[in-house]
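Notes follow the structure.
Number of protein chains: 2
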Amino acid sequence: MKREYNGTSALQKKGHFITTQRRLLLDLLYEAEGHIDAKELYRRAIEKDASISQATVYRSLSLFKELGLIDEMRLGGVQCYYEIKQGIDHQHLICQGCGKIIEIDIPHFQESINKIQKDHCFKVTKVELYMHGYCTDCGNKS
Amino acid sequence: MKREYNGTSALQKKGHFITTQRRLLLDLLYEAEGHIDAKELYRRAIEKDASISQATVYRSLSLFKELGLIDEMRLGGVQCYYEIKQGIDHQHLICQGCGKIIEIDIPHFQESINKIQKDHCFKVTKVELYMHGYCTDCGNKS
DNA sequence: TTAAGTGCAAAGGCTTTGCAGCATA
DNA sequence: TATGCTGCAAAGCCTTTGCACTTAA
């Protein structure tokens with residue numbers, strides 16, 4: 000699996016061990032194909048390895064984040080959500096009705112960011128844009 | 000104080016009591032002139048009213064948020080930050096070096112939001128844009 | 001007067017951490 | 001073999017909640 004290889008090689012490059020737990024968690028993050036929180040990741044992990052601990056899940060997420068393999072985001076609740084870092088940045092529409100998360104690309108968004116960086120002498124490393132509201136289905140209901 | 004009046008009248012309109020605690024907390028939120036978290040708000044509150052409880056702080060913040068008096072945001076840490084809702088929306092630059100938060104206005108941002116709403120049939124009620132990175136000072140250091 | 005609000009303390013949910021044993025390189 | 005990693009359990013934070021007392025209207 001090409002994708003898994005990317006993750007594990009990033010671990011190796013920085014001198015981290017490739018453990019069965021980390022390999023499993025990376026696989027699950029790729030399979031998730033989107034946003035997943037630590038609790039759900041742990042739930043899926045113990046299905047494949049009953050002995051894995053929550054501590055390992057949190058420690059791995061923290062490491063993956065540090066290595067830039069995943070993005071962390073807060074979508075309104077208490078907990079964080081994670082997803083494999085994508086080549087192209089995308090932003091989020093969060094439905095307050097059904098909780099659905101819609102990923103969107105915003106045309107020319109990068110240009111706006113570049114302008115902001117210039118105007119404020121600020122070097123942007125990460126952008127998070129969350130738009131809360133109501134999706135088509137939930138909007139029609141009310 | 001005109002500003003305080005706004006807050007308390009919003010309470011009254013919806014049939015909520017104006018208590019000394021709520022008045023104090025609204026005052027402190029206005030005085031903060033920016034982002035403040037529940038813990039800091041509580042710290043400032045007990046300086047003026049030693050008997051106020053954390054529960055009241057959290058319950059009041061929750062009420063103010065529901066009434067649309069304040070905005071809640073997550074700036075990277077575990078806890079939430081709050082600020083009096085401003086007439087004009089502004090967005091945030093968050094410095095990863097010194098933790099400074101810079102509020103910015105983005106020209107024509109509302110137009111972009113409108114387009115997104117239209118394109119995705121999504122009714123946006125709240126927009127959060129966080130740009131993490133390094134401010135002028137911290138950018139120069141590295 | 002009376003429903004709403006408060007303080008207190010305990011509990012809840014998510015995340016982190018210390019430590020002894022285990023596994024990768 | 002020697003670090004680094006893991007599992008376990010406990011602790012840490014932030015936030016919420018139950019209950020009896022208090023207070024605004």
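Note that the protein sequences, when read in sequence, are chains A and B.
By numbering that gives the first Met the number 0, the letter at position 136 of the first sequence is numbered 135, and the numbering carries on one by one without gaps.
By numbering that gives the first Met the number 0, the letter at position 12 of the second sequence is numbered 11, and the numbering carries on one by one without gaps.
Backbone N, C-alpha and C define an ideal beta-carbon position, used for all residues, glycine too.
Note that the structure is a prediction, hence the values are computed from the model and not measured.
Using a Cβ-Cβ cut-off of 6 Å (strictly less than) and excluding sequence neighbours within five positions of residue i, which residues of its own chain qualify?
i                      : result
residue 20 of chain B  : 51 and 55
residue 36 of chain A  : 78 and 80
residue 15 of chain A  : none
residue 143 of chain A : Any property of residue 143 of chain A remains undetermined from this structure, which presents chain A solely from 0 to 141.
residue 7 of chain B   : 17
residue 64 of chain A  : 71
residue 97 of chain A  : 137
residue 13 of chain A  : none
residue 114 of chain A : none
residue 165 of chain B : As displayed, chain B neither begins before 0 nor continues past 141, which places residue 165 of chain B out of reach and without an answer.
residue 58 of chain A  : none
So, for residue i: in the same chain, excluding its five sequence neighbours on each side, which residues have a beta-carbon less than 8 Å away from its beta-carbon?
i                      : result
residue 84 of chain B  : 67, 68, 69 and 70
residue 40 of chain B  : 24, 27, 28, 31, 56, 60 and 81
residue 9 of chain A   : 66, 67 and 68
residue 48 of chain B  : 19, 20 and 23
residue 11 of chain A  : 17
residue 87 of chain A  : 104
residue 140 of chain A : 96
residue 107 of chain B : none
residue 178 of chain B : In the structure displayed, chain B extends from 0 to 141; residue 178 of chain B sits before or after that span and is not available.
residue 38 of chain A  : 78
With a threshold of 7 Å on Cβ separation, who are the neighbours of residue i within its own chain once the five nearest residues in sequence on each side are excluded?
i                      : result
residue 43 of chain B  : 27
residue 95 of chain B  : 131, 132 and 133
residue 53 of chain B  : 41
residue 112 of chain A : 123 and 126
residue 76 of chain A  : none
residue 45 of chain A  : 51
For residue i and residue j, which I take to be in contact (beta-carbon distance under 8 Å), what is that distance rounded to the nearest angstrom?
i                      : j                      : result
residue 116 of chain B : residue 125 of chain B : Not really, about 12 Å apart at Cβ, beyond 8 Å.
residue 74 of chain A  : residue 119 of chain A : Actually they are not in contact, since the Cβ atoms of residue 74 of chain A and residue 119 of chain A sit about 26 Å apart, beyond 8 Å.
Considering only their Cβ atoms, is the gap separating residue j from residue i smaller than 8 Å?
i                      : j                      : result
residue 89 of chain B  : residue 104 of chain B : yes
residue 72 of chain A  : residue 30 of chain A  : no
residue 129 of chain B : residue 101 of chain B : no
Does any heavy atom of the ligand NAD sit closer than 7 Å to the C-beta of residue i?
i                     : result
residue 69 of chain B : The model on display carries no ligand, and the ligand NAD is accordingly not part of it.
4-residue-minimum alpha helix (DSSP H) runs that sit fully inside the region 27-61 of chain B, ordered along the chain:
37-47
What beta strand (DSSP E) runs, 3 residues minimum, are completely inside the region 62-99 of chain A?
69-72, 80-83 and 90-94
Please give me, in chain order, every unbroken run of the alpha helix (DSSP H) with length at least 4 that falls completely inside the region 94-130 of chain A.
With a minimum length of 4 residues, the continuous alpha helix (DSSP H) runs that stay inside the region 94-130 of chain A are 108-119.
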